[in-house]
Amino acid sequence: MRQIITHAHILTMNANGDILPDGSIVIEDGRIKDILAGAVTDSQAEMTDARGMLLLPGFINTHTHLPMVLFRGYADDLPLQEWLKDHIFPAEARWVTPDNVRLATRLALIEMIKSGTTCFNDMYFFEQVIAEEAARAGIRGVVCESLIDFPTPDFKTLEEGIALSENLISRWQNHPLIRPAIGAHSPYTCSAATLQKAKALADKHGTLLQIHLAETRQETETSIARTGKTPAAYLHSLGVLGKNVIAAHGVWLTGEDIRLLAESGTAIAHCPKSNLKLASGIARIAACRAAGIPVGIGTDGAASNNSLDMVEEMRFASLLAKGAYYQPEALDAPTTLRMATLEGAKALGMDHITGSIEKGKSADLILVHADASNMQPLHNPCSAVVYAMNSKNIRSTMVAGTWLMKDRILQTIDKDSVMEEIKNRRHTDSKINC
99 MRQIITHAHI LTMNANGDIL PDGSIVIEDG RIKDILAGAV TDSQAEMTDA
149 RGMLLLPGFI NTHTHLPMVL FRGYADDLPL QEWLKDHIFP AEARWVTPDN
199 VRLATRLALI EMIKSGTTCF NDMYFFEQVI AEEAARAGIR GVVCESLIDF
249 PTPDFKTLEE GIALSENLIS RWQNHPLIRP AIGAHSPYTC SAATLQKAKA
299 LADKHGTLLQ IHLAETRQET ETSIARTGKT PAAYLHSLGV LGKNVIAAHG
349 VWLTGEDIRL LAESGTAIAH CPKSNLKLAS GIARIAACRA AGIPVGIGTD
399 GAASNNSLDM VEEMRFASLL AKGAYYQPEA LDAPTTLRMA TLEGAKALGM
449 DHITGSIEKG KSADLILVHA DASNMQPLHN PCSAVVYAMN SKNIRSTMVA
499 GTWLMKDRIL QTIDKDSVME EIKNRRHTDS KINC
């Protein structure tokens, strides 16, 4: 099928940052065949007139726990360890079932598609269900079971968790949209042996390994007391860092930690809103990027962020860096937008597939209403996207040439039925309603 989007203001987000104020893209079989200046017409193609629109790559959410939308607002305003141990872990043990994960994933996908996310990186439980729902919705995703050294809702022993992980890889490794990976929850919930097993599995299967790292001061102080090393130095000593690793948060990385991550090729998923809400701190992302670390942006789960909106996350990332270090240029608009697109794809090892508008890449795109009152006057399109845009300015979302949302109408998920089921589940479940 041949598709053409014409008369668009194209932000390619390629390495050169090329922008075409009035351009067209030609899409065939879900991939970008050509990028042209000016208008293009073809009576045999599906035509989309994008006058008044910005066309740019969809956002790459590099750290999520999608079914945690189930706990949105459930245990707010608490420090991380208390939040996890006293509230989230017990709630997950009680309420995380395949049926609840399926429903919650659908709700999460609705929110992400409507706010322009075309690819996500998830670590949770019952990831087979999450992968099924993502594939059905047509969104691109990286999925992994969260290996951990205590019983979880879907496995009781580490060996069962490893078996689930390998089954996930076996089932999804050749899927066009879903990429299986290996997850190790964190250095403070996994033994040295578990961390090394997870890395060995990722290396064996040629997949990504994702882990939480240096999220809080307490995590860092406990690691130093227990191992004599910071969390990052500890992982390095175990041989767990590497080019196939993405570490979420990195708030409490030292200068030496940053060097270790950079030299090993480890990427970072920056989650500014979650880190603020849990009072974890502000990551030194400008320093990480200056050292050469690939850095993407992630929302984390909706239980600690209350939102899966990458538009908000971009703005927080840029403004926090400026305010924390009194440097207005710390993360400028083009840099922040690259982190949400091409750099996010690079952090996931997928920049050859998605993250920018280039010939041969997948047509993972969004159309933004640039003529909206909050976007005008359009002096600088990158600035407008990062500092002025809200998610409702995103009119259409496409993955691999398929519209997941067109003119704000979802195409692959029945929003009304999902919302009705969510409301029914909430009313019949007083615990989650509290």
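Residues in the sequence shown are numbered from 99 upward in steps of one, following this note's numbering.
No residue lacks a Cβ here, since even glycine has one placed at the ideal position from N, Cα and C.
query	result
Rounded straight-line distance, which links the Cα of Leu336 to that of Met473	49 Å
Residue span of the beta strand (DSSP E) that contains Met244, given as start and end	Contrary to the premise, residue 244 reads as Ser rather than Met in this sequence. Where Ser244 is concerned, the enclosing beta strand (DSSP E) stretches over Arg238 to Leu245.
Supposed close pair Ala400, Val138 - CB separation, criterion 8 Å	Wrong, their Cβ atoms sit about 40 Å apart, outside the cutoff.
Element boundaries [alpha helix (DSSP H), containing Asp544]	The structure shown has nothing for residue 544, since the chain only spans 99 to 532.
Unbroken beta strand (DSSP E) run spanning His310, endpoints	Leu307 to Leu311
As assigned by DSSP and simplified to three states, the class of Tyr485	helix
Boundaries of the alpha helix (DSSP H) in which Pro119 is found, first to last residue	First-last for Pro119: Ile117 to Glu126, but that is the beta strand (DSSP E), not the alpha helix (DSSP H).
Phe248 classed as buried or exposed, judged by whether at least 16 other C-beta atoms fall within 10 angstroms	exposed
Assigned secondary structure, Phe169 (DSSP; H/G/I helix, E/B strand, else coil)	helix
Under 7 Å between C-beta atoms of Ala279 and Val240	yes
Cβ shell of Arg277 (< 6 Å), same chain only, five flanking positions each side left out	Val240
Through-space distance from Met145 to Ala445, alpha-carbon basis	33 Å
Buried or exposed by the 16-neighbour rule on C-beta atoms within 10 Å, applied to Tyr172	buried
Sequence ranges, beta strand (DSSP E) only - wholly within the stretch 268-295, length at least 3	276-278 and 280-282
Sub-7 Å separation of Ile464 and Ile492 beta-carbons	yes
Touch test, the stretch 170-187 against the stretch 481-492, Cβ-Cβ under 8 Å, three pairs minimum	no
Member of Cys386, Ile108 and Asp220 whose CA lies at the smallest distance from the CA of Thr352	Cys386
Sequence-distant residues of the same chain with beta carbon closer than 8 Å to Glu111, five excluded per side	First, the amino acid is wrong: residue 111 is Met here, not Glu. Result list for Met111: Leu154, Pro155, Leu435, Arg436, Thr439, Leu440, Gly453, Ser454 and Ile455, in chain order.
Distance cut-off 6 Å: Ile125 Cβ against heavy atoms of the ligand NAP	As for the ligand NAP, it is missing from this structure, which has no ligand bound.
Backbone CA spacing between Ser528 and Lys521 [nearest angstrom]	Because Ser528 sits at a pLDDT of 45, beneath the cut-off of 50, its placement in the model cannot be relied upon, and the following sentence gives the value as read from the coordinates. Taking the straight line joining both Cα atoms gives about 12 Å.
Exposure label - Thr305; buried when at least 16 CB within 10 Å	buried
Helix, strand or coil at Arg493 [DSSP, three-state]	strand
Nearest-angstrom Cβ-Cβ length linking Ala360 and Gly390, presumed shorter than 8 Å	5 Å
Selected residue, minimal CA-CA separation from Leu376, among Ala384, Ile366, Arg315 and Ile133	Arg315
Reference Pro119, options Tyr485, Cys480 and Arg523, closest by Cα	Cys480
Buried/exposed call for Asp257, threshold 16 Cβ in 10 Å	Note that residue 257 is Glu in the sequence shown, not Asp. Answer is exposed; the Cβ neighbour count stays below 16.
Sufficient close CB pairs (3 or more, under 8 Å) joining the stretch 212-222 to the stretch 393-408	yes
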